[in-house]
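Student: Heads up: the sequence lines are chains B and L, in that order.
When we follow the numbering used here, the leftmost residue of the first sequence carries the number 33, and every step to the right adds one.
When we follow the numbering used here, the leftmost residue of the second sequence carries the number 33, and every step to the right adds one.
Using N, Cα and C, we set each Cβ at its ideal position, and we do this for glycine too.
There are 2 protein chains.
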Amino acid sequence: MPTEIFLQSPLDMHIHFREGAMLDLVAPLSAETFAGGVIMPNLVPPVADLERLEWYTGEVRRAVGDHVFTPYMALFFRNYSEADLAAVRESIIGIKLYPEGVTTNSEGGVKSVSDAEQTMAMMQDMDIPLLVHGEVPESFVMDRESDFLPTYDELAQKFPRLKIIMEHITTAAAVKLLDRYENVHATVTLQHLLITLDDVAGGLLNPHLFCKPIAKRPEDRDALLHAALTAHPKLMFGSDSAPHPLEKKECCGCAAGVFTAPVALAMLAELFDAHDALDKLQAFVSGNAQSIYGLTPPAKTVHLVKEPCTVPAKYGDVVPIRSGGEIGWRVV
Amino acid sequence: MPTEIFLQSPLDMHIHFREGAMLDLVAPLSAETFAGGVIMPNLVPPVADLERLEWYTGEVRRAVGDHVFTPYMALFFRNYSEADLAAVRESIIGIKLYPEGVTTNSEGGVKSVSDAEQTMAMMQDMDIPLLVHGEVPESFVMDRESDFLPTYDELAQKFPRLKIIMEHITTAAAVKLLDRYENVHATVTLQHLLITLDDVAGGLLNPHLFCKPIAKRPEDRDALLHAALTAHPKLMFGSDSAPHPLEKKECCGCAAGVFTAPVALAMLAELFDAHDALDKLQAFVSGNAQSIYGLTPPAKTVHLVKEPCTVPAKYGDVVPIRSGGEIGWRVV
């Protein structure tokens, strides 16, 4: 049984860095162990034009500091002109579509996918990937993702050369959809490989495991875990790590998001080790993303050993997953 | 359209009064508007012998004070002897069965229903109703009640003269089960007539609407509401009002329970009025319970008028349902 592993250029293909003091807190925590990450654009206002993109990219680079870490910037979806897209093309990894009101700071999102097709057609022609928060906000919370899946069918067929990423998938049905279309890919978070709604609300209510899309049923978690542990080539790790200060979590009106980035690699090593699948971890946390996006991340070797470490109770005022608990692996 | 209603002897057939300072806070709030209630026995230790029953009955009566309010005491299920049952028979309305570990203070509950059958047979012979928290604790949280329903089938058939109350039902399937057996009845809470899991976790997470059994799907809520609004004769109002101090709700590890008792009648009047069903409210909040249990509550007339009132932010340190919000009806 391996007691250490060397990961080459691990990537977090879905990460919330926020801005200001929160950015300064969380960006270095990701940059310590990852070689790059896809930075989500749902600020207030969203990152939805070249000027704001350039400002935010600069902010992220400043916060990352001297760490070897490439921020892959995502633009917030709106209906863009061809000139808009041409201007940002070289500065972004893709464009992130949020249905209106579906999660934190998605209020300026898309009301109807059909209104967005002209921009999608141009994205297809310009080879700009479409990253999608795939939930129907009006649906019952446990059905929001499965109700959105027909939209993926529609998009995949209508734009067969558009690279579509189903972000943070949470259902067995979404895993199945990966095999239906060549141009459909997905990210999955750490928590959705580990938990179900039982962990959020089955015993005492745990606000720190509350996120959108909400954790689903055991059979959904099992399907996601199986796909990750077998390094399904169309599935990438994307933490969706989403920091909120303690007072926004342990309150009435708890914000959605689980903060996992600083411990994600250690917990993934623990999880893959527990399932005798450590040999699949490199593909899951980097190789698949490189193939799907056609990117070459900076060289960075992360050394993990099978030794217990204790998770801090908090990073600043943000409570991480498994706060105060133990992980069986640690980054050296 | 009626703008006032007079309810005769409204009853809350499932209520948590706790003990000590919390009892002193909440018992008068129920006793102000209800003529009686079924008092749950899940204290620590549970109310599971004559001595503790007599002590708790005295505590409840003391806390109720001069209000016209009859506490109908429920005993905590364990395997009792015939002598035990004979001794408590006149002091209780029924015996409450909790599967082990299913909710607040249910740790001493029943591990297997088959172990409990001897006591149930004696209860049937002595005409002692069986009140059941019908959830399978090991099941996925959304399935715990539906997975328990076959146990009701089994009990109803094995003990056809045992009065069985499915407490705080939350699913359409449980409503259907009411019509399958003559000896099966149910209570339903205020919140399960109003909310779904969407209200708990569909937007921001709301710990004050978190309870066990957890609120289910829209079609479940609709079936419960239809049964209540039509005053299904086997369905009784039981608030399951469960006070927890604020710090046990807005925290990591939020306790299960919604505090509804002080505003329950006003909110029920509002709800039934909104559905043009005020004429069914008397049966739902008193008549059905009287028929099912064969009880005659003390005379008490509660006058409600269609005038807005504001719900207090807190009662003591307990946050009620619709805290700080408005109700379209109020008790005069």
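Hey, is residue 257/L's beta-carbon within less than 8 Å of any beta-carbon in chain B?
Tutor: Not a single C-beta of chain B is nearer than 8 Å to the C-beta of residue 257/L.
Student: So which residues of chain B does residue 237/L contact, with C-beta pairs closer than 7 Å?
Tutor: Within chain B, 239, 242, 286 have C-beta atoms less than 7 Å from the C-beta of residue 237/L, given in sequence order.
Student: What does the Cβ neighbour count give for residue 320/B, buried or exposed, with the cut at 16 atoms within 10 Å?
Tutor: buried
Student: Using beta carbons (cut-off 8 Å, strictly below), is residue 132/L in contact with chain B?
Tutor: no
Student: Relative to the alpha-carbon of residue 152/B, which residue among 113/B, 337/B, 35/B, 248/B has its alpha-carbon at the smallest distance?
Tutor: 113/B
Student: How big is the Cα-Cα spacing for residue 284/B and residue 237/L?
Tutor: 7 Å
Student: Which ranges does the alpha helix (DSSP H) cover as unbroken runs of at least 4 residues, wholly within the stretch 64-131 of chain L, from first to last along the chain?
Tutor: 82-96, 114-120
Student: With respect to 7 Å, is the separation between the Cβ of residue 347/B and the closest non-hydrogen atom of the ligand ZN below this value?
Tutor: As far as ligands go, the structure on display features none, and thus does not contain the ligand ZN.
Student: Can you tell me where the beta strand (DSSP E) holding residue 37/L begins and where it ends?
Tutor: 36-40
Student: What in chain B is Cβ-close to residue 250/L, meaning under 7 Å?
Tutor: 172
Student: Beta-carbon of residue 234/L versus every beta-carbon of chain B: anything under 8 Å?
Tutor: Yes, residue 234/L lies at the interface with chain B (some Cβ there is under 8 Å from its Cβ).
Student: Kindly give me the distance between the Cβ atoms of residue 201/B and residue 216/B, rounded to whole angstroms, as I take these residues to be in contact under 8 Å.
Tutor: With 8 Å as the limit, residue 201/B and residue 216/B do not qualify as a contact, their Cβ atoms being about 10 Å apart.
Student: If you measure from the beta carbon of residue 56/L to each beta carbon in chain B, is any gap under 8 Å?
Tutor: no
Student: Is residue 198/L buried or exposed, if buried means 16 or more other CB atoms sit within 10 Å of its CB?
Tutor: buried
Student: Taking the C-alpha atoms as reference points, what is the distance between residue 289/L and residue 214/B?
Tutor: 47 Å
Student: Can you pull the chain L neighbours of residue 228/B, defined as C-beta to C-beta under 9 Å?
Tutor: 172, 173
Student: Residue 292/L and residue 273/L - do their beta-carbons sit closer together than 8 Å?
Tutor: Yes, the pair counts as a contact, with Cβ atoms nearer than the cut-off.
Student: Here's the rule: buried if 16 or more other CB atoms are within 10 angstroms of the residue's CB, otherwise exposed. What is residue 131/B?
Tutor: buried
Student: Quick check: what's the CA-CA separation for residue 178/L versus residue 304/L?
Tutor: 27 Å
Student: Let me know the beta strand (DSSP E) ranges lying completely inside the stretch 257-308 of chain B, each 3 residues or longer, listed in chain order.
Tutor: Counting only runs of 3 or more, we get 267-269.
Student: Output, in chain order, the set of chain B residues within a Cβ distance shorter than 7 Å of residue 283/L.
Tutor: 282
Student: Can you pull out the residues from the stretch 344-355 of chain L whose beta carbon lies closer than 9 Å to at least one beta carbon of chain B?
Tutor: 351, 355
Student: Could you check where the beta strand (DSSP E) with residue 324/L kicks off and where it finishes?
Tutor: First-last for residue 324/L: 320-325, but that is the alpha helix (DSSP H), not the beta strand (DSSP E).
Student: Out of 160/B, 211/B, 161/B, which has the shortest C-alpha to C-alpha gap to residue 185/B?
Tutor: 211/B
Student: Please say whether residue 100/B and residue 59/B have beta carbons closer to each other than 8 Å?
Tutor: Contact: no.
Student: For residue 75/B and residue 133/B, I'd like the C-alpha separation in whole angstroms.
Tutor: 13 Å
Student: Going by alpha carbons, who is nearest to residue 142/L out of 167/L, 279/L, 160/L?
Tutor: For the residues 167/L, 279/L, 160/L, the minimum Cα distance to residue 142/L belongs to 167/L.
Student: Note the first and the last residue of the continuous beta strand (DSSP E) segment covering residue 351/L.
Tutor: No beta strand (DSSP E) holds residue 351/L; DSSP gives it neither H nor E.
Student: Threshold first: 3 residues or longer. Then list the beta strand (DSSP E) segments lying entirely within the stretch 160-184 of chain B, N to C.
Tutor: Those beta strand (DSSP E) runs which fall completely within the stretch 160-184 of chain B and span 3+ residues are 162-164.
Student: To the nearest angstrom, how far is it from the Cα of residue 310/B to the Cα of residue 264/B?
Tutor: 14 Å
Student: Under 9 Å Cβ-Cβ, which residues of chain B neighbour residue 246/L?
Tutor: Neighbours of residue 246/L on chain B, chain order: 229, 233, 234.
Student: Would you decide whether residue 342/B is buried or exposed? Buried here means 16 or more other CB atoms lie within 10 Å of its CB.
Tutor: That one is exposed.
Student: Tell me whether residue 54/L sits in a helix, a strand or coil according to DSSP, three-state version.
Tutor: In the three-state reduction of the DSSP assignment, residue 54/L falls in the helix class.
Student: Just list the residues that DSSP pairs residue 198/B with in beta bridges.
Tutor: Partner(s): 164/B, 218/B.
Student: The alpha helix (DSSP H) spanning residue 207/B covers which residue range?
Tutor: If you look at residue 207/B, you'll find it in the alpha helix (DSSP H) that goes 204-210.
Student: What residue does the beta strand (DSSP E) around residue 45/L start on, and which one ends it?
Tutor: Judged by DSSP secondary structure, residue 45/L falls within the beta strand (DSSP E) whose first and last residues are 43-47.
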